[in-house]
């Protein structure tokens with residue numbers, strides 16, 4: 049395959065993400081020069097020289113015509129572009145870029161902490177947050193709630209991402225109680241959200257009103273999995 053030097057930037061970018069698909073036809077001209085370049089797996093280029101005439105095993109060899117006249121160009125995914133007046137414009141398909149960025153996992157944890165007291169307005173208070181880049185996410189959180197010393201404490205938690213949220217509640221009894229409640233319960237929460245800019249998944253909880261009714265948490269985890277697309281439908 050013989051390529052024009054005009055295609056260098058796009059070809060290097062495509063190779064860096066794992067593939068290239070471009071065919072370029074170059075006509076001859078009095079100033080045209082044929083050269084051979086070595087393309088590395090990361091997209092870097094190296095011109096063959098008399099002192100170093102061969103590409104090594106980690107490089108791909110490509111023949112280029114420098115200064116020739118561009119006569120035709122054919123593009124295939126993930127490259128997109130156009131040829132106009134002998135000028136070749138190259139880019140990567142945005143869907144390909146988004147797919148390449150999907151599947152990444154962001155996670156955080158906290159092994160122990162205190163569930164904040166219930167506020168007068170009933171709103172839970174933040175106990176953990178996970179920063180994520182822009183993108184579409186499926187986000188889950190899990191924590192184990194342990195009861196107070198005495199009495200029964202109602203614990204309510206909310207996992208929020210932007211305007212989307214999930215809520216859950218449990219009642220845990222004190223470790224010194226004989227009430228018909230367990231003193232340790234796991235709380236799972238899930239939410240999906242698309243961030244148009246970097247943001248946070250926030251876990252907030254409340255429960256108890258004094259030192260004797262204070263609940264605690266253990267083994268808190270927040271996991272955000274980035275996807276290439278997001279659909280969230282009402283199932284009623």
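Numbering (this note's numbering), first residue to last: 49 to 284. Beta carbons are placed, not taken as given, at the ideal position from N, Cα and C, and that holds for glycine. None of these values were measured; they are calculated from a predicted model.
query	result
Does residue 281 come out as helix, strand or coil in the three-state DSSP assignment?	coil
Run the CB neighbour count on residue 153, radius 10 Å, all protein chains shown included, and call it buried at 16 or more, exposed below.	exposed
Going by C-alpha distance, which of 101, 254, 216 is nearest residue 167?	254
How would you label residue 207, buried or exposed, when you count the other beta carbons within 10 angstroms and need 16 or more for buried?	buried
Should the region 202–221 be regarded as contacting the region 229–241, the criterion being three or more beta carbon pairs within less than 8 Å?	yes
Alpha carbons only, please: which of 194, 97, 214, 181 is nearest the one belonging to residue 188?	214
State buried or exposed for residue 279, treating a residue as buried only when at least 16 other CB atoms are found within 10 Å of its CB.	exposed
Short check: CB of residue 156 to CB of residue 178, under 7 Å?	yes
Using the C-alpha atoms, what's the distance from residue 127 back to residue 70?	Here the model assigns residue 70 a pLDDT of 49, short of 50, so the residue's position is not dependable and the matter cannot be decided.
Note down the Cα distance separating residue 270 from residue 249, rounded to an integer number of angstroms.	8 Å
For residue 108, which of helix, strand or coil comes out of DSSP?	strand
I need the boundaries of the beta strand (DSSP E) containing residue 192, first residue and last residue.	183–194
Rounded to the nearest angstrom, what separates residue 164 and residue 241 at their Cα positions?	26 Å
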